[in-house]
Amino acid sequence: MKKIIVLLVFVLFIVFIPKTDAARIVCSSSNMSKMRSKAYKVTANYEFVNENGDRYFLIRITNVESGIEVRVDGHIFKDDTGKGQVFEFKKYSNELTSVQIEMYAGYGQACVGELLYTKKLDLPKYNFYSEKPECIEYEEFALCNKWYQGNIRDDYEFKTKLQEYIDSLNPKEDKEEIEDNKSFFQKIIDFYVDHIVYTGLITVAVLGVLVYFIVKKLINKKNRVKIDFKG
């Protein structure tokens, strides 16, 4: 009689117990290991998309096997077709960030609802300054790299750093070498042009003195001619 009562209680327990709890009961270490081996296969990657100023990361989740439920950034993905679906969603971010991807045992599976594995997908910070017109000519400049991860405070800092970079392309030593290779006459001309305010005044003064003496000499010569003619 006792055996019949125990058997009846067991049958009622199996019939009325929620399926999820029943699945947890059969969540042996062997079943957990099998489910985790599936979860490890899930892969995630991203692609940066810039569509007319709409910038975002397109996250792709692949290799989701039957029985695995993927939860990421408020989304839940599961492949019940067995055809190897690719799941995608957009992620907007202006800072260096990461996306946490959690794999659970799906409904109807051993260990249902149990967290099997967690992986992290790091997303770089997009550098908006890489879209500056100056970066077309100086694309090798570090701050023009669209994945530059440093901090650029403002336009002033960007332009200051850019000018320093441009100056570095023409070292002072090269300028001094060019200067040494100039002829003596070229150096005089350069000096004259560089100090045009002072050299111009001196030039005017010298020409004025020369004109004065030439005119004076001509006048004296003319007077002497007149005297000789009278005599």
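Sequential numbering of the sequence shown, starting at 1135, is according to my numbering.
From the three backbone atoms N, C-alpha and C, an ideal C-beta is built for every residue, glycine too.
- Around the CB of D1213, 16 or more other CB atoms lie within 10 Å, so the residue is classed as buried.
- Taking C-alpha positions only, M1237 is separated from F1262 by approximately 34 Å.
- Shown here, I1322 sits in a helix according to DSSP, grouped into three states.
- Ranked by Cα distance from Q1283, the first of D1289, Q1297, P1258 is P1258.
- One alpha carbon belongs to Y1226, the other to D1328, and they sit about 55 Å apart.
- Assigned with DSSP and collapsed to three states, D1214 falls in coil, not helix or strand.
- Contact check for K1280 against S1264 passes: the beta carbons are separated by less than 8 Å.
- With contacts defined as CB atoms closer than 8 Å, F1223 and D1207 qualify as a contacting pair.
- Secondary structure of D1188 (DSSP, three-state): strand.
- Counting every other CB atom within 10 Å of its CB across the protein chains shown gives F1347 a total below 16, marking it as exposed.
- Annotated as distal: R1170 and L1255, with beta-carbon spacing of 8 Å or more.
- DSSP places N1354 in the helix class (H, G or I) of the three-state scheme.
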